[in-house]
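For the sequence shown, this note's numbering gives the first residue as 343, with consecutive numbering after it.
All C-beta atoms, glycine included, are put in the ideal place defined by N, C-alpha and C.
Structure, as structure tokens:
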Amino acid sequence: MIEIHVTTHSRDTALKLAQDALNERLAACANIIDQVTALYWWEGQIAHEKEALVIFKTSKARVDALTAFLNDNHDYDLPAITRHEHVIPTEDYARWVEEETKAQE
343 MIEIHVTTHS RDTALKLAQD ALNERLAACA NIIDQVTALY WWEGQIAHEK
393 EALVIFKTSK ARVDALTAFL NDNHDYDLPA ITRHEHVIPT EDYARWVEEE
443 TKAQE
């Protein structure tokens, strides 16, 4: 199992990305944490923003497709998409993620 984290400018955007990714079976689960404070360098200044964080749980087989989907559908010029491969879930949870991210026939 791999986690993909991505921030968005709003909860609504996070919900849409999560719902669309799940509909495509690119992830088995998405958790949304609203009102995350982000501080970052942008155009020579430190920006302060409120964002929503989406944590996707996906399989190794679908991680590249999920990353491409997020890049293609995100409204930021440079979305912060991070991959976390050293997540150690329980065997049952990992099996569920694998099953739920299989392409549906």
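- In this model, Ala389 and Arg353 are separated by some 19 angstroms (Cα to Cα).
- Taking C-alpha positions only, Cys371 is separated from Val378 by approximately 20 angstroms.
- Within a 10 Å sphere around the beta-carbon of Leu408 sit 16 or more other beta-carbons, which makes this residue buried.
- Between Thr400 and the set Lys358, Arg425, Thr349, Gln387, the nearest pair of CA atoms involves Arg425.
- In the three-state reduction of the DSSP assignment, Thr432 falls in the coil class.
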